[in-house]
Every structure is written in C-alpha cells, then in structure tokens.
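S.K.: Have a look at the structure that comes next, please.
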Amino acid sequence: SSGINAEYGQEHKITPGQYEEAVSMMRSYVTIPQQRLQHLARQYISHARMQIMEENIHLNRPVDGDIDDVLNRLDELYVLRKSRYGVDMDQLAAEREDLAYLLTKQLDRLEHQSGIFLIKPYIAYKSNSTQAVHVQKKPIL
20 SSGINAEYGQ
30 EHKITPGQYE
40 EAVSMMRSYV
50 TIPQQRLQHL
60 ARQYISHARM
70 QIMEENIHLN
80 RPVDGDIDDV
90 LNRLDELYVL
100 RKSRYGVDMD
110 QLAAEREDLA
120 YLLTKQLDRL
130 EHQSGIFLIK
140 PYIAYKSNST
150 QAVHVQKKPI
160 L
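First residue of the sequence shown? That's 20 in this note's numbering, and the numbers climb one at a time after it.
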C-alpha cells in the first residue's frame, strides 16, 4: 500500500515553478479590479475639476468673446479624456478576461496533474471591447 501512495505522490506532484506561475497569474487577475477602481476615481476627479472650472468661468464671466472658445476647448478636452478612460477600462476588462481564461487553463492542468480540486475564476460579463460596438455621436440639429 505504501508503494502505491509513494508512486501516486511522485506522479501527481506540483512543482514549485508551476505553483509560482499559478500564484503570479492569480495576483495579476485580482489586481485588475483595483486598477479599474483607480481609473474610475481618476475619471471622477477629472470630471469634478472640469465642472469646477466651468462654474468658475460662468460666475466670473468676462465681457470678451474668447470665453466661449475656452469653454468649447474644455468640453473637447473632457470628451477626449472620457474617451481615453473608456478605452483604458475596456483594455483592463479584456485583460482580466484573458487572464481568467489563462488562469482557468493553468488551474485545469494543475488539477488534472495533482488530483486536487481547484476553484477557478468566473467572469459573468463581456467587456465592450470584445463586442466591438462603436457608437458614433451625431450632432443635434
């Protein structure tokens, strides 16, 4: 009986390299929501600052006509930043989906190799980037 257990243990052992690779993938996978939250916070701060600037401009509106140009440039900057943040969020969501897939495959291999049941990541949604939907904003007439 001890011969069978020794043989089973040797064939189904996970190497330190395999363990480290799986742990590294898990760390990467769980840090992405933190990165997404940081992006959201930066976007909110940027939005709040932009609103404060616009309010200050409206309250202290000078007589010259250049102020409308400044407000238009602020709006363009806001749209550009919002677009950039959206792209970043989509990239993080796609990266997390990719990591979930790779991590699941790695954990499947380790599970089959070791005989140990491993809980795998689950993503219940698809990011906008994988749907390839682009909405074009039309001017109001």
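For glycine and all other residues, C-beta sits at the position ideal for the given N, C-alpha and C.
Predicted model, so just to flag it, every value in this text is computed and none were measured.
So I71 is in the alpha helix (DSSP H); what residue range does that whole segment cover?
M.R.: Position 52 of the sequence shown, counted from the start, is the residue given in the question as residue 71. Run containing I71: P35 to L78, per the alpha helix (DSSP H) assignment.
S.K.: Report the three-state DSSP secondary structure of Y104 (helix, strand or coil).
M.R.: Within the sequence shown, the letter at position 85 stands for residue 104. It is helical.
S.K.: Would you report the Cα separation of L111 and R68, rounded to the nearest angstrom?
M.R.: Reading the sequence shown from its first residue, position 92 is the one you call residue 111. Reading the sequence shown from its first residue, position 49 is the one you call residue 68. Looking at the two C-alpha atoms, the distance is approximately 25 Å.
S.K.: Is it true that the CB of H66 sits closer than 9 Å to the CB of M108?
M.R.: Taking the first residue of the sequence shown as 1, we reach residue 108 at position 89. Taking the first residue of the sequence shown as 1, we reach residue 66 at position 47. No, these two residues do not count as a Cβ contact at 9 Å.
S.K.: Below 7 Å CB to CB, which residues in the same chain sit around E95 once its five sequence neighbours on both sides are set aside?
M.R.: For the purposes of this step, residue 95 is taken as the residue at position 76 of the sequence shown. Cβ within range, chain order: n/a, list empty.
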